[in-house]
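Per our numbering, the very first residue in the sequence shown carries number -18; after that it's consecutive. Idealized CB from N, CA, C, for every residue including glycine.
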Amino acid sequence: MTESSSFYVTTPIYYVNDKPHIGHAYTTILADVLTRYQRLLKRPSYFLTGTDEHGQKVQRAAEANGITSQEQADRTVVRFQELWKRLDITHDDFIRTTEPRHKEVVQEILQDLYDRGEIYKAEYDGLYDVTSETFITEKDLPEGKTVDELPNIMRIKETNYFFRMSHYQDWLIQYIEDNPEFIQPDFRRNETLGFLRKPLQDLCISRPKSRLNWGIDLPFDPDYVCYVWFDALVNYISAIGYRRDEARFQQWWPVNYHLIGKDILTTHTVYWPTMLQAMGLPQPRTIFAHGWWLFGDTKMSKSLGNVVNPMDLIDQHGVDAFRYYVMAEMTPGQDASFSHDGFVRRYNADLANDLGNLLSRVASMLGRYHEGRIPPRPEAPQAGSPEAEVWATVQTAANEMIGSLKTMRIDFGIARVIDAIKHINRYLEIKQPWTLAKQQKTEALHQTLYVAAECLRAASALLYPVMPERIGALRQALGMADREPVIDRVREFGVLEPGTALALEGALFPRIDRNPSEAPPAPAAPEPVDESNLISIEDFKKVELKTAKILSAEAMPGADKLLLLQVACGGETRQIIAGIAKHYTPADLVGKTVVVVANLKPVKLRGQLSQGMVLAASSGEVLSLISVDRETESGAIVR
Ligand code: MSP
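Written out as structure tokens, the structure reads:
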């Protein structure tokens, strides 16, 4: 599929049964950051978010709170809207599924599908999971458990309406196989294909009002409401004018990205595509499933009391610090682990030390050596000079940041920009403006300060979509008239206007000094050493660890956890099977230098030879490959 000229992105619509948490905030910030990058690139964009207000979860929450379902929705939606405002989210629309503009379109779709025989009435006799609001079979029960032992599972016998989803099974498999970008990351595509290996059932799209009354009425039977997912998914098209404003609908559909969490993969990659196909509409370009935020190694859950509330972090450290942390810390697709220490560490390293420090150095040197004004504009950097080198690093970072949008590796793009900022700091150390001043080399001094300020202007613009408020303030401090950057000016050298006065008020990112009461406890006295599991140096030397460069990577047919790697290790190429498919996509791996156990006895797995083992560190659900931190030839001995 060719790239579209416009950009439409959605978040899931959030249930209004409870207040928002870090997971909701993450997806919404990700969508906001992607959209703001598109605006920087001057691409027309549309960003939709909203709330999912029908269904059992909301009805139950309302009952527990002693209010009506509509009141429950009205009270909770405000919490989402307030958080988005606080987080500087710039959505173009916020849809609530209880709005007439949505309900009417859902009803028209239902009627149309019913009239065309895509929806039929039948009796269902089987199991129902109240928590997920789905019909299940005996095979879906947890091992060794019976229905009577599971309070959330009920046996029900009722007449319902069904969507002929099973008709589309073969078509969907073929579509997914033909369109690799349709479900991302790759390992999630495999997960959906795995799901589609079992026969696909028709989808029950109604709930009798006697059991659940909080939903959209079926237009052809007043005794039923629509199943919440069949209603909710339609928000992605009802909001942009489907059946109401054809021109508007055509402008944005098909969507570029449906951003979702990994737990709602099946609804988005099986239910929704088959619904769209039945409606005769084009498919989304990409459905992208991100991983989960864990608290340390554990899942966040209300019962464990470890759910991170974004409001607390924002109150303590500011909105942009929070936006930056979640974007820089999570590799989209994989799980990430939240910790207060990790938050403080990243903030102090990237924002206080690298970025904030660079601005205060530039400002204070300009204050000292040029009356706090931008110095005269120097010639464009000469090839081979330190000026050309540092400007080139900023330009490479710009390419990598923009490139990372297509691969959904914003964390990688951000890291490259921080590297460029480090380079600008190093440039100042090499040029030593304080020595140039002492030696009265005024031209060189002015050139150095101009180049540092200009590189900071261009590099920091690349972080504007992530930290709009703080980078806006940085630009103002540099005397820029516009808080919002555009990409052409990032590419241009000499934008800062000589003579403009700098206006820096206080530190951009004040260092977070740990409150002494929060200081980590003093290390405990060393425990007596148990020597029974120690090995001698001779034992250790038996293991040959070497660096290896990954030449290619591909999924192992029939094994969704495994990847088949070809690696260069010294003079030879080896094949290694690695159980990392849930954590890395083949595209992440090619070109990486990793560490392998080189003298492991070869084994055959599913008919393929594996000649070694790739080392990785695992922490909870997060797995990280061991790699080397500077250019190293393959085959180098690791000790
Ligand atoms: N209402 C449905 C979505 C309908 S879309 C047509 C829903 N709502 S939800 O409020 O329960 O969840 C919204 C999103 O939050 C999901 O994408 C889910 O994956 C995400 N998260 C919930 N907990 C999370 C984490 N701990 N970490 C990251 N995201 C997580 O599902």
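Shown here, Q413 sits in coil according to DSSP, grouped into three states, outside any helix or strand. By the CB criterion at 9 Å, G616 and G572 fall outside the cutoff. When C-alpha distances from V288 are compared across S(-13), D(-1), E(-16) and Q150, the shortest belongs to D(-1).
Residue pairing of A529 in beta bridges, as defined by DSSP: V575.
Excluding the 5 residues flanking it on each side, V584 has same chain C-beta neighbours closer than 8 Å at L590 and S591, in chain order. In this structure, the alpha-carbon of V325 lies about 26 Å from that of F61. Per DSSP, the unbroken alpha helix (DSSP H) holding H83 starts and ends at P81 to D96. No beta strand (DSSP E) of 3 residues or more sits fully in the region 38 to 68. Secondary structure of T30 (DSSP, three-state): strand. Taking each of M311, Q363 and M382 in turn and checking the Cα distance to V471, the smallest one comes out for M382. The alpha-carbon separation between S113 and E52 amounts to approximately 23 Å. Remark: the shortest separation between the CB of P(-7) and any heavy atom of the ligand MSP falls under 8 Å.
Beta-bridge annotation (DSSP): W274 is paired with A317. Here K527 is buried, its C-beta having at least 16 other C-beta atoms within 10 Å. At the C-beta level, G337 and L181 stay beyond 9 Å of one another. Collapsing the DSSP output to three states places L347 in a helix.
Scanning its chain for C-beta atoms nearer than 6 Å, with the 5 sequence neighbours on each side dropped, one finds around D167 the residues T566, in chain order. With 16 or more other CB atoms across the displayed protein chains lying within 10 angstroms of its CB, P265 is buried.
By the Cβ criterion, the region 268 to 275 is in contact with the region 307 to 315, since at least three pairs of Cβ atoms, one from each stretch, lie closer than 8 Å.
The Cβ neighbour count for D335, taken over all protein chains shown within 10 Å, is at least 16; the residue is labelled buried.
Among the bridge pairs identified by DSSP, D74 is matched with L29. Under the DSSP definition of a beta bridge, D198 partners with V206.
The region 248 to 264 makes no contact with the region 279 to 286, as fewer than three CB pairs between them are under 8 Å. In the displayed model, F521 falls within a helix according to three-state DSSP. Excluding five sequence positions before and after G394, the CB atoms of its chain that fall closer than 6 Å to its own CB belong to E381, M382 and S385, given in chain order. If only uninterrupted beta strand (DSSP E) runs of at least 3 residues are considered, those enclosed by the region 207 to 262 are 238 to 242. Shown here, V(-3) sits in coil according to DSSP, grouped into three states, outside any helix or strand.
Membership of N380 in the alpha helix (DSSP H) is indicated by the continuous run P367 to K387.
A residue is called buried once 16 or more other Cβ atoms fall within 10 Å of its Cβ, and T32 is buried on that count.
At the C-beta level, A42 and V(-3) come within 9 Å of one another. For T279, the shortest separation between its Cβ and any heavy atom of the ligand MSP does not lie below 8 Å. With respect to T78, E34 sits close: the two C-beta atoms are nearer than 9 Å. Judged by pairs of C-beta atoms under 8 Å, the region 2 to 10 touches the region 64 to 75, as three or more such pairs exist. The closest heavy atom of the ligand MSP lies 8 Å or more from the beta carbon of K283. Relative to the ligand MSP, the nearest heavy atom lies less than 8 Å away from the CB of D244.
Under DSSP, the beta-bridge partners assigned to G107 are I137.
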